[in-house]
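Q: So the numbering used here is basically just the index in the sequence shown, starting at one, shifted up by 13. From the three backbone atoms N, C-alpha and C, an ideal C-beta is built for every residue, glycine too. Values in this document were obtained by computation on a predicted structure and should not be read as measured data. Okay, here's the structure, questions in a sec.
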Amino acid sequence: MTNLQDKPNSVVLNTKPIIEMKGINSTSANLLRVTAIFAVIVIHTCSLPFKSNSENWDIFNFFTSLSRWCVPVLFMLTGALLIEKDESIVTFFKKRAGKILIPLAAWSFIYIVFAKNFSYLDPLHANPGVFTEPFKLLEYPAYFHLWFLYAIIGVYIAIPLLRAAFSKYSNKLAIYVLSMWFVSISLIPYLNASGIIIPKLYIIRFDLLATYTGMALLGLFILKNINRINIVHSLALLVIGLAATIILTKHASIKAPSELYQGYNSPNVLLMATGAFATIYKIGEVLKNVSFNRYLEKLSNLSFGIYLAHMIIMPFVWKIPFLSNSSLIVSNMPSVAVIISATATFLLSYFISYFISLTPVIRRII
């Protein structure tokens, strides 16, 4: 994730306070979150080394390709958990507004301060200009990975639309659907054309709704059919999607490293994400060790915080000599270095999230 497209509970990451484990295996949901967040960190760990075109490039291509299912799976899990939930529109937004808007505001401020004072640690991703122009946050996030929070707002907006398609008729839902239809295909284009608002306003990019909303619906589809899915078949989809991503990326990178085929909505990545979601879900169904599942739940409950905090931790991990980007590029054991770096970032982010969760005043930011 090196740009705004990469730039990924329910925010689906902020699990327990926001979503209930109704109609879904809780261990599977926890496993999906934790593995997806770790995969996000792997992508960010390999981001700059991937662009190096070094002798180790194939290793970085493998890790970034292997991890690309992470963001689609997070949106898929959101859909699996929320689309069929029985609650009014008012209740839906009341329960989730604070869970996403408070962390978005708090971490935007944190990263604005971080970018202002420590941009030298991560100059490619920091946006120190937002410090003096906070209204820029309407156009792009304070730090690149916070794009996911903007996107999840869009998915939340679309969830009632999906509920309308999969539930009995309701005047309230009909009014909501018609209102969103009017805003998205009439009001916003009109305001854009008249110059009243900026076309690029990031927080209301309705053009992105179809992409991430489709992923949410795909998650529900897989969940509804999970008992029909053979893990061998889902694993085959995962492997085929991975192989296609690796090969296509290598082909596209002959002249210079390219992420053309690693986009989250590319067919090969969606194929891999479909296989990953079903495979990890099936694995979660057979995990019966009580102690392990309790620890997994603890990790899952702090997954949102891990995601939010990891880009503060990672630049400092890069300062460790054998884990720096330049060291990874020339490392004799790049695979080991990537795993150590990603694991260190994950664990340190977990501890930060854990301590935040113990503090009543600020625990709502995760």
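Just to confirm before moving on: does the CB-CB distance between L134 and L321 stay below 9 Å?
A: Not in contact: L134 and L321 (Cβ atoms no closer than 9 Å).
Q: Between which two residues does the alpha helix (DSSP H) carrying Y124 extend?
A: 102-131 is the span of the alpha helix (DSSP H), which, as asked, contains Y124.
Q: Going by alpha carbons, who is nearest to L361 out of S337, P334, L315, S340?
A: Cα-wise, what sits closest to L361 is L315.
Q: Counting only the same chain and skipping the five closest in sequence on each side, list residues whose C-beta sits under 7 Å from that of C59.
A: Correct list, in chain order: F73, F76, T77, V351.
Q: Cβ atoms of I253 and M285: under 9 Å apart, would you say?
A: Going by C-beta atoms, M285 is nearer than 9 Å to I253.
Q: Quick check on T358: buried or exposed, where buried means 16 or more other Cβ atoms within 10 Å of its Cβ?
A: That one is buried.
Q: Name the two residues that bound the continuous alpha helix (DSSP H) containing T356.
A: It spans 347-370 - the alpha helix (DSSP H) in which T356 sits, taken as one unbroken run.
Q: Excluding sequence positions up to five away, which residues of its chain have a Cβ less than 7 Å from the Cβ of S348?
A: Excluding sequence neighbours, S348 sits near I72.
Q: Please confirm if the segment 80-87 is in contact with the segment 37-51, defined as three or more CB-CB distances below 8 Å between the two stretches.
A: Verdict: yes, contact present.
Q: My understanding is that V330 touches L336, with C-beta atoms under 8 Å, so please give their C-beta distance in whole angstroms.
A: V330 to L336, Cβ: 6 Å. Contact.
Q: Just to confirm, are T287 and L231 a CB contact at a threshold of 9 Å?
A: In contact: T287 and L231 (Cβ atoms closer than 9 Å).
Q: Using the rule of at least 16 other Cβ atoms within 10 Å of the residue's Cβ for burial, across every protein chain shown, is P154 buried or exposed?
A: Buried, because 16 or more other Cβ atoms sit within 10 Å of the Cβ of P154.
Q: Helix, strand or coil: which one does DSSP assign to Y294?
A: Helix.
Q: Going by the beta-carbon positions, is the gap between L341 and P62 smaller than 9 Å?
A: It is a contact, given that the beta carbons lie within the stated cut-off.
Q: Among N66, T40, R81, which has the Cα closest to the Cα of A289?
A: With distances taken between Cα atoms, A289 lies closest to R81.
Q: Using three-state DSSP, classify I342 as helix, strand or coil.
A: Reduced to three states, the DSSP call for I342 is helix.
Q: By the 10 Å Cβ neighbour count, where 16 or more other Cβ atoms means buried, how is F161 classified, buried or exposed?
A: Buried: at least 16 other Cβ atoms inside 10 Å.
Q: For F179 versus L261, is the C-beta distance shorter than 9 Å?
A: Cβ distance not < 9 Å, so F179 and L261 don't count as in contact.
Q: Alpha carbon to alpha carbon, how far is F317 from P116? Give it in angstroms, no decimals.
A: Rounded to the nearest angstrom, the two C-alpha atoms are 9 Å apart.
Q: Tell me which residue opens and which closes the alpha helix (DSSP H) that I260 is part of.
A: Taken as a continuous stretch (DSSP letters only), the alpha helix (DSSP H) holding I260 covers 244-265.
Q: Which residues in the same chain as A52 place their Cβ atom closer than 6 Å to its Cβ, once the five residues preceding and following it in sequence are excluded?
A: Closer than 6 Å at the Cβ level, and outside the excluded window around A52, lie S80, C83.
Q: Count the other CB atoms, across all protein chains shown, that sit within 10 Å of the CB of L319; report buried if there are 16 or more and exposed otherwise.
A: This sequence places Ile at residue 319; Leu is not what is there. I319 should be labelled buried.
Q: According to DSSP, is I239 part of a helix, a strand, or is it coil?
A: Reduced to three states, the DSSP call for I239 is helix.
Q: Where does V299 fall in DSSP's three states?
A: Correct three-state label for V299: coil.
Q: Kindly indicate which three-state DSSP category V24 falls into: helix, strand or coil?
A: Caution applies to V24, whose pLDDT of 47 falls short of 50 and renders its modelled position unreliable; the model cannot decide the point.
Q: Is the shortest distance between the beta-carbon of P147 and the beta-carbons of chain C less than 9 Å?
A: The displayed structure is made up of one protein chain only, and chain C is not part of it.
Q: Under the three-state reduction of DSSP, which class applies to E310: helix, strand or coil?
A: Three-state result, E310: helix.
Q: Distance check for A119 and V126, CA to CA, integer angstroms please.
A: Computed Cα separation, rounded: 11 Å.
Q: How many Å lie between S271 and P280 at the Cα?
A: Each residue's Cα considered, the two are about 16 Å apart.
Q: By DSSP, does F148 sit in helix, in strand, or in coil?
A: F148: helix per DSSP, three-state reduction.
Q: Where F105 and K112 are concerned, what is the direct C-alpha to C-alpha distance, given to the nearest angstrom?
A: Going by the C-alpha atoms only, they are around 11 Å apart.
Q: From A93 to H246, what does the alpha carbon distance come to, in whole angstroms?
A: Between A93 and H246, the C-alpha separation is close to 20 Å.
Q: Assuming Y5 and Y156 are in contact, meaning their beta carbons sit under 8 Å apart, how far apart are those beta carbons, in whole angstroms?
A: Given that the chain is displayed from residue 14 to residue 379, the structure contains no residue 5 and the question cannot be resolved.
Q: Which same chain residues, not among the five before or five after L174, have their C-beta less than 8 Å away from its C-beta?
A: Excluding positions up to five away in sequence, the list reads Y189, V190, M193, T226.
Q: Would you mind reading off the limits of the alpha helix (DSSP H) that contains D71?
A: From DSSP, the alpha helix (DSSP H) with D71 extends over 70-80.
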